[in-house]
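Below is one structure; the comments refer to it alone.
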Amino acid sequence: PGAPGLQTTSDGKPKMIDLVDCTGSGDVDTSKETELEADGTLKGLSGRSLTVPAEWPDRAAGTKYRLGLKRAFELYPRPLVARVKAERRRRHDETQRAVAEEERRKAALGPLPTAEGEAGRKGGELAAL
Numbered sequence: 140p141g142a143p144g145l146q147t148t149s150d151g152k153p154k155m156i157d158l159v160d161c162t163g164s165g166d167v168d169t170s171k172e173t174e175l176e177a178d179g180t181l182k183g184l185s186g187r188s189l190t191v192p193a194e195w196p197d198r199a200a201g202t203k204y205r206l207g208l209k210r211a212f213e214l215y216p217r218p219l220v221a222r223v224k225a226e227r228r229r230r231h232d233e234t235q236r237a238v239a240e241e242e243r244r245k246a247a248l249g250p251l252p253t254a255e256g257e258a259g260r261k262g263g264e265l266a267a268l
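Quick note on numbering: the working numbering labels position 121 of the sequence shown as 260, and the sequence is numbered without any gaps.
This is the structure:
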């Protein structure tokens, strides 16, 4: 409690109702170190090139930075993860459905005519029919 009269109990002991660590301390492994390149970039853990802003202090080449990587789904609440996955599945299914319909249409039409003649037959063969 922030109010002076509420910080201690009547017998002078400090009040502590509840303590919750919401920092996420230890959630991201930052044990990997890398050095800043002369051009102000770092190679990230995912392989991407990361540009360190010019405003950051100690931006000299060779400065060491600790890197960590966290999947976004690990940060999202479960209902959001379910919604994002459902939306991705819906978009994937729509794309696959369109491709499958096109392939079925092509199969129903049979082989398409070619430059050699109808349905791949040579022009001379057609004349003999």
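Even glycine gets a Cβ: it sits at the ideal position worked out from N, Cα and C.
Using the Cβ count rule (16 or more neighbours within 10 Å means buried), how would you classify residue i?
| i | result |
| --- | --- |
| Leu219 | exposed |
| Leu175 | buried |
| Trp195 | exposed |
Starting from the C-beta of residue i, find all residues in its chain whose C-beta is less than 6 Å away, skip the five residues before and the five after it, and write them out in chain order.
| i | result |
| --- | --- |
| Leu214 | none |
| Leu208 | Leu184 |
Using beta-carbon positions only, say whether residue i and residue j come within less than 8 Å of one another.
| i | j | result |
| --- | --- | --- |
| Gln146 | Lys154 | yes |
| Arg198 | Gly179 | yes |
| Val167 | Leu181 | no |
| Ala177 | Ala193 | no |
Here's a check: name, in chain order, each residue in its chain whose Cβ is nearer than 7 Å to the Cβ of residue i, leaving out the five neighbours to either side.
| i | result |
| --- | --- |
| Gly183 | Leu189 and Leu206 |
| Glu226 | none |
Leaving out the 5 sequence neighbours to the left and right, which residues in its chain are closer than 8 Å to residue i when beta-carbon positions are compared?
| i | result |
| --- | --- |
| Gln235 | none |
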